[in-house]
Amino acid sequence: MSKRILLSLLALLPLLAFAQSRLELTAKGEKVTIVRDEFGVPHVMADTIYALFYGNGYAVAQDRLWQMERNRRVARGDAAELFGQSAVAQDQATRLEGYTEAEMEAMARRLTDEGQTILQAFADGINAYIKEATDQKKLPKGYADAGASPRPWKVTDTVAIGIMMMRRFGSVAAGGGEMRNMGLLAYLRMRNKDTADLLLNELAWRNDPTSPVTVPPEEDPRRPAKVDPKKDLERLCAQLATMPNIGLDVLMRTIRVLNQDDQREFALANGLFTQFGSYALVVAPSKSASGNPILMGAPQMGFGTPHIAHEMHLMGAGINAMGMGFAGVPGILIGHTDKIAWTFTSGVADQADVYLEKINPANPDEYWHKGQWLKFEKRTERIAVKGGQPVTMEVLRSVHGPVLAVDKANNVALAKKSSMWLQETDSLRAYTGFLRANNLQEFGAAAKWYVGSFNCFAASRDGDIGYWFCGRQPIRPEGLDPRLPVWGTGEYEWLGIMPFEAMPRMMNPKQGFIVNWNNKPAVWWDNADTPVWGAIFRMHRMIPLVKNKAKLTVDDVKRVAVDISTYDLNYDYLRPILLDAAKKQPGALSADAKQAMRLIEAWNGYGYEGSVPKAIFDQWINSLREKIFLDDYGNLFDQNLFRTALQPSFIYYALKGRSSAVPRIHDFLNGKKPEEVAIDALNDACTKLARQHGPAMADWRYRAGRMNLAPLGAVPYDERGSYIQVIEVGKDRMYSENILPPGQSEDPSSKHYSDQRELSGWWMFKPMRFYREQFDKP
377 MSKRILLSLL ALLPLLAFAQ SRLELTAKGE KVTIVRDEFG VPHVMADTIY
427 ALFYGNGYAV AQDRLWQMER NRRVARGDAA ELFGQSAVAQ DQATRLEGYT
477 EAEMEAMARR LTDEGQTILQ AFADGINAYI KEATDQKKLP KGYADAGASP
527 RPWKVTDTVA IGIMMMRRFG SVAAGGGEMR NMGLLAYLRM RNKDTADLLL
577 NELAWRNDPT SPVTVPPEED PRRPAKVDPK KDLERLCAQL ATMPNIGLDV
627 LMRTIRVLNQ DDQREFALAN GLFTQFGSYA LVVAPSKSAS GNPILMGAPQ
677 MGFGTPHIAH EMHLMGAGIN AMGMGFAGVP GILIGHTDKI AWTFTSGVAD
727 QADVYLEKIN PANPDEYWHK GQWLKFEKRT ERIAVKGGQP VTMEVLRSVH
777 GPVLAVDKAN NVALAKKSSM WLQETDSLRA YTGFLRANNL QEFGAAAKWY
827 VGSFNCFAAS RDGDIGYWFC GRQPIRPEGL DPRLPVWGTG EYEWLGIMPF
877 EAMPRMMNPK QGFIVNWNNK PAVWWDNADT PVWGAIFRMH RMIPLVKNKA
927 KLTVDDVKRV AVDISTYDLN YDYLRPILLD AAKKQPGALS ADAKQAMRLI
977 EAWNGYGYEG SVPKAIFDQW INSLREKIFL DDYGNLFDQN LFRTALQPSF
1027 IYYALKGRSS AVPRIHDFLN GKKPEEVAID ALNDACTKLA RQHGPAMADW
1077 RYRAGRMNLA PLGAVPYDER GSYIQVIEVG KDRMYSENIL PPGQSEDPSS
1127 KHYSDQRELS GWWMFKPMRF YREQFDKP
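Position 2 (the sequence shown) corresponds to 378 in our numbering; numbering is contiguous.
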């Protein structure tokens, strides 16, 4: 279908917007109306909270019952009962850090009366549809394929899915870095024990004050400590001296658990979602062409069919909210009411630590804590396996949390302490607060209930825009190095949780906009156990696109999303180094490298499909990484890990040496000048490309990423939001659009299975039918 035809059809949408279907339900004697618009989006209307969320559950089950089934199975660690042996490892990893049924029930009871009503009503609505679909033999095909029937939906199913999603997107950096660092250190010590500690310190920098931030320095007076890698190295070495020996096999097992590798591998093999990331842009009235705030939210959760999210509109009982949610979780997670629009991005703060429990050599059921031997809490989990025998596993906990692995040879157990532990359901209080907030002050008060690490953004009809860095951030003892685990013997316990008021935040910044792409919240906020934030960070491209335009329209905001989807994040930092090197040493360039330089000089930085300079530039960076780091770090046993761990910011620091914002102690260039290394890498890149693709440079073409929507066809360019919403917040009216490819329904026979796929391919949006006259005939 051509773009012209699509535009013509979109022009007709206002004429087609009335109800495509209408359904009346009864929930405990209360009326529920579900109207679906031209894209199959359910608009649920009811007069009470119970009836409204009953309709919410029923409507989601209509669209995504099989997806919900898979979600609850994976979240509970019950997937092997449906999928057999291939899911056992994922179930074991989930049970290891999971809660008991009684604990999840208690978490639900901790909610307010309204929160408990929402969860029960949601479950009741799902069960009403399950009964109807079973009686009418219209269950999703997945059940027949799996030889299964849906069991009744429980409140704890919703709790389990919420916990899974919170951990997946709200704790992506939580607790894994310490053990990755220990694993890397063990590897480096096998290579060269004299330089291993130094090389770890170089790779895991604490803070780069030049890394892009959400809160500009003028909006927050706090500043980081002076960057001092030598002091960081001293602290690292001092703490390492207290560490016990840990077997390499134990380290690797622990890292797999912390990285959620088993869950990710199962998810990838079964079309589930594993990616995290998101970007957001909020424009203040002072910088908006219309004088209204504009908010763009684009969570990056991966792509698939069906979408990880679904769209919902809830009207009634004092609520009028529309946007996206997860299948199996009630409410609107990202969207807008008639007063406020909001979105989130993953915050990537370190909310967990690994504690080393000292096991009693005389009794392996005990560990030492605060002057006494304590018994591990122990339970046995039984995993049902389709087509096989049940699998049992023993789960241990210490005072710090679940035990991830035990090193019997060294009498050490590795336990994970998370600030979210048993707190995840508190986030529902945030969401219900968002739905009722009248202004950003009330919205911010609700945001404090958010337990996972997220950046929260909002714009109100009053003309305010705001940002809050959310999550339960531990306060660690002074002097500890967060890059390493600590003993669990009692001396290194957290001092508390950082007050929400002390977290980075701002309202109505002077610059007139707020941007974020998972970057650090403020200049003083350090990397913890993982060098997440460096000089080269993707958000830096968003700033000039917004800052350099006096006034922005909704279309301008959309163009930002299109631009950053193909712009090379390394272009502004590493290309100048290459251009300078070519000027200083033109005679060192090979014939191919000279031709490549002409292309790179003329290149604008966009990675379009088939781009030759983009292909050359990418290969140059890969060659540069090898020239700089391969002799010191080796290949880390895996090329992909080598490229991920030795990230572009680290390349940049190595080339800048002691003039870097994060000064290097070690000379990674081995006495060579940066321009020598840069030219050598370009010559090598051209040689490799010629070997791979032939001598004709025109054949060295970049292959852009794809949105994998299998079994549907892929869509070009995947560096974009899985769901994108753009909302202009008027004083009296919301003007909102979004896109959720491929569509609302999981049913291949539904017209809403793929009716948003082609729109997304053209970077087009559909209207959000927020007002009743837009979707329902009077």
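The beta-carbon is built from N, C-alpha and C at its ideal position, and this holds for glycine as well.
- C-alpha of residue 1066 to C-alpha of residue 1031: approximately 26 Å in a straight line.
- Between residue 892 and residue 590, the alpha-carbon positions lie close to 6 Å from each other.
- The continuous alpha helix (DSSP H) containing residue 1069 extends over residues 1050-1069.
- Taking a C-beta distance under 8 Å as the contact criterion, residue 537 and residue 447 qualify as a contact pair.
- Contact between residue 975 and residue 992 is confirmed by a C-beta separation of about 7 Å, below the 8 Å threshold.
- For residue 845, the pairing in a beta bridge is given by DSSP as 831.
- Around the beta carbon of residue 1071, a 10 Å sphere encloses fewer than 16 other beta carbons of the protein chains shown; the residue is thus reported as exposed.
- When C-beta atoms of the segment 705-721 are compared with those of the segment 656-672, three or more pairs fall below 8 Å, so the two segments count as touching.
- DSSP places residue 485 within a helical segment (H, G or I) once states are collapsed to three.
- Using a Cβ-Cβ distance cut-off of 8 Å, the segment 1014-1025 and the segment 929-936 are not in contact, since fewer than three pairs of beta carbons, one from each stretch, lie closer than that value.
- Around the beta carbon of residue 578, 16 or more other beta carbons lie within 10 angstroms, which makes this residue buried.
- In this structure, the alpha-carbon of residue 1139 lies about 15 Å from that of residue 1112.
- In the same chain as residue 913, and ignoring 5 residues on each side of it, the C-beta atoms closer than 6 Å to its own belong to 587, 588, 895, in chain order.
- Counted as a single uninterrupted DSSP element, the stretch harbouring residue 825 is not any alpha helix (DSSP H), since DSSP gives it neither H nor E.
- Taking 3 residues as the minimum length, the segment 933-968 contains no beta strand (DSSP E) run wholly inside it.
- A straight line joining the alpha-carbon of residue 944 with that of residue 955 spans about 16 Å.
- Cα atoms of residue 965 and residue 987: separation of roughly 22 Å, rounded to the nearest angstrom.
- If you draw a straight line from the Cα of residue 531 to the Cα of residue 481, it is about 8 Å long.
- It is roughly 10 Å from the alpha-carbon of residue 870 to the alpha-carbon of residue 728.
- Straight across, the Cα-Cα distance linking residue 455 with residue 470 is about 10 Å.
- Residue 1145 and residue 423 have their C-alpha atoms spaced approximately 20 Å apart.
- One thing to note: residue 856 has its Cβ no nearer than 8 Å to the Cβ of residue 836.
- Residue 928 and residue 663 do touch by the CB rule: their CB atoms are close to 6 Å apart, below 8 Å.
- Between residue 801 and residue 535, the CB-CB gap stays under 8 Å.
- When the five nearest sequence neighbours on each side are left out, the beta carbons in the same chain lying within less than 7 Å of the beta carbon of residue 764 are those of 460, 461, in order along the chain.
- Within the segment 529-564, complete alpha helix (DSSP H) segments of at least 4 residues are found at 531-546, given in chain order.
- Closest by C-alpha distance to residue 832, out of 838, 823, 840, 839, is 823.
- Counting only the Cα atoms, residue 485 lies some 11 Å from residue 478.
- DSSP, reduced to helix, strand and coil, places residue 712 within a strand of the structure shown.
- Annotation for residue 911: no alpha helix (DSSP H) segment contains it, and DSSP assigns it neither H nor E.
- Under the DSSP assignment, residue 672 falls in the beta strand (DSSP E) whose first and last residues are 670-675.
- Counting C-beta atoms within 10 angstroms of its own C-beta, residue 926 has fewer than 16 neighbours from the protein chains shown and is therefore classed as exposed.
- From the listed residues 675, 563, 498, the smallest Cα separation to residue 1114 is found for 675.
- About 15 Å separates the Cβ atoms of residue 557 and residue 902, ruling out a contact at the 8 Å cut-off.
- Residue 644 and residue 436 have their C-alpha atoms some 24 Å from each other.
- Within 10 angstroms of the beta-carbon of residue 1015 lie fewer than 16 other beta-carbons, which makes it exposed.
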